[in-house]
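Remarks on the structure that follows.
Numbering (this note's numbering), first residue to last: 120 to 632.
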């Protein structure tokens with residue numbers, strides 16, 4: 120029996136998953152990857168540590184499946200997008216990787232906004248800009264580490280770096296180019312955009328672009344020793360994780376809607392052309408098959424829940440993940456509307472990217488009293504992320520017939536039902552919670568002949584575990600609460616502007632007690 124291996128390198132966790140021809144998980148490995156924070160707001164990784172963790176997870180997945188490396192027909196890699204993994208001509212990292220949550224280029228973004236260049240950048244790329252995108256990081260590095268450019272041979276994304284370590288080949292795919300950002304209409308790098316952002320001297324470091332679903336290389340002898348895979352195993356180019364999740368959820372037809380309830384809450388609609396509405400907001404990524412995905416994200420996804428539970432405690436499963444059954448029972452004990460507590464869920468230091476752009480926006484609980492308890496706050500968090508998803512989809516053109524929910528939060532039946540009731544749509548949850556790894560695993564299987572095409576692969580390997588239909592009573596109840604949520608986010612957006620000015624006026628060090 121042939122198997123495929125999907126690797127999904129997230130912001131904090133790297134996973135390797137073995138799938139059979141029916142899409143069943145036969146083995147998996149998982150390991151946390153440490154974020155390095157040399158200064159407040161920075162987010163780096165040691166590439167050597169990340170590669171070592173990836174190797175260990177591959178070995179763990181093979182062992183868990185009870186198979187050898189020679190049983191793997193092909194490998195696919197997905198990873199978080201943006202950031203900069205810079206290597207020299209021998210493929211050696213020149214510095215720690217800078218990852219997408221990094222904020223060091225916030226000032227560079229402000230400079231571009233002051234120079235009125237954001238609209239032009241959006242017109243070329245279809246992407247709103249954030250500090251952690253590749254070209255802004257290069258702009259920052261040009262000013263603060265100018266010696267780096269002379270040694271740099273390639274600027275890679277996370278998945279491209281891992282594939283380089285597996286195969287020795289340098290390349291990228293159209294999805295990751297989209298977020299650098301590039302020219303979305305041509306699905307290519309953009310010399311015009313690089314000049315607009317003042318990084319044209321990095322043009323020679325942009326990697327060649329290959330289709331996401333072709334074999335880009337094969338496992339080297341060195342990588343085989345490190346991972347347990349067989350030398351010569353084919354490796355496809357792969358995808359950015361935002362796109363891989365859609366493929367692995369079986370949602371790649373125009374009009375399909377998917378929300379990834381993960382670190383960021385990615386609200387996505389598949390398009391057959393690179394539509395940019397709403398103007399100036401969110402992301403637009405290339406997909407395999409000449410398709411595109413329009414994404415309006417709440418960058419404070421399950422990190423909002425993590426923030427709360429890390430500080431106030433929460434039940435965990437034996438594997439260390441949050442116990443969503445126990446959390447769901449706690450949430451279900453509180454009435455809809457969380458007894459009047461509403462969370463404005465903007466906890467990401469980068470601010471808000473959709474359904475409006477405001478890097479100064481911050482989160483807040485509204486409606487608390489001396490009677491407010493832990494369960495009220497927890498339910499307010501659950502509801503707020505569903506409200507933010509509805510808020511983002513409301514800003515997109517068109518209508519949606521249903522919503523597929525993926526990511527760690529999709530494991531909660533209570534949360535999935537809440538999304539159905541707040542969004543007013545049937546919500547489907549896939550059988551596997553490893554849709555990112557499955558998405559690139561499907562590409563690897565098609566490229567190596569395990570399936571004849573992607574549609575066949577998805578039909579065989581993707582299944583729906585549960586569908587949650589909207590409760591008409593709950594839908595009606597939530598209309599008022601959603602209106603209050605929108606009022607709160609508008610009010611707090613104004614307050615965030617005042618807050619930002621006051622914070623900026625506080626000395627960086629010292630100050631009166």
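Where a beta carbon is used, it is the ideal one built from N, C-alpha and C, also for glycine.
- Beta-bridge partners assigned by DSSP to residue 547: 523 and 586.
- Between residue 557 and residue 245, the alpha-carbon positions lie close to 27 Å from each other.
- With contacts defined as CB atoms closer than 8 Å, residue 290 and residue 352 fail to qualify as a contacting pair.
- The C-beta of residue 507 has 16 or more other C-beta atoms within 10 Å across all chains shown, which makes the residue buried.
- In the three-state reduction of the DSSP assignment, residue 196 falls in the strand class, which pools E and B.
- Cβ-Cβ distances below 8 Å link residue 577 to 366, 369, 371 and 561 in the same chain, with the five nearest sequence neighbours on each side left out; the list follows chain order.
- By the Cβ neighbour-count rule, residue 488 is exposed, with fewer than 16 other Cβ atoms within 10 Å of its own.
- By the Cβ rule, the stretch 136 to 153 counts as touching the stretch 167 to 182, because three or more pairs are nearer than 8 Å.
- Taking 8 Å as the cut-off, the beta carbon of residue 485 is found no closer than this to the beta carbon of residue 453.
- Following the DSSP letters along the chain, one finds residue 278 inside the alpha helix (DSSP H) bounded by residues 277 to 286.
- Residue 218 carries a coil assignment under DSSP once its states are collapsed to helix, strand and coil.
- Following the DSSP letters along the chain, one finds residue 337 inside the beta strand (DSSP E) bounded by residues 334 to 337.
- Taken through DSSP and simplified to helix, strand or coil, residue 204 comes out as strand.
- Closest in alpha carbon position to residue 184, among 553, 138 and 167, is 138.
- Around the beta-carbon of residue 571, fewer than 16 other beta-carbon atoms lie within 10 Å, marking it exposed.
- Per DSSP, reduced to three states, the secondary structure at residue 594 is helical.
- Within the same chain, Cβ atoms closer than 6 Å to the Cβ of residue 445 are found at 434, the five residues on either side in sequence being excluded.
- Residue 271 places its beta carbon less than 8 Å from that of residue 213.
- Residue range 353 to 355 is occupied by the beta strand (DSSP E) that includes residue 353.
- Distances from the CA of residue 413 to each of 327, 516, 209 and 143 were compared; the closest alpha carbon is that of 516.
- Ranked by Cα distance from residue 311, the options 242, 374 and 343 are led by 242.
- Contact between residue 398 and residue 336 does not hold, since their C-beta atoms are separated by about 39 Å, which reaches or exceeds 8 Å.
- Counting only the Cα atoms, residue 136 lies some 45 Å from residue 235.
- The continuous beta strand (DSSP E) containing residue 135 extends over residues 132 to 138.
- Exclusion of the five residues before and after residue 456 leaves 600 as the residues of its chain whose Cβ lies within less than 6 Å of its Cβ.
- Boundaries of the beta strand (DSSP E) around residue 388: 384 to 390.
- From the listed residues 279, 229, 228 and 269, the smallest Cα separation to residue 194 is found for 279.
- Taking a C-beta distance under 8 Å as the contact criterion, residue 247 and residue 400 qualify as a contact pair.
- For the stretch 152 to 200, the continuous alpha helix (DSSP H) assignments of 4+ residues that do not extend past its boundaries occur at 166 to 184, in sequence order.
- Taking C-beta separations shorter than 6 Å and ignoring five residues to either side along the sequence, the partners of residue 257 in its chain run 318 and 321, following chain order.
- Counting along the chain, residue 258 sits inside the alpha helix (DSSP H) bounded by residues 253 to 263.
- Judged by their CB atoms, residue 479 and residue 616 are nearer to each other than the 8 Å cut-off.
- With contacts defined by Cβ atoms closer than 8 Å, residue 155 and residue 141 do not form a contacting pair.
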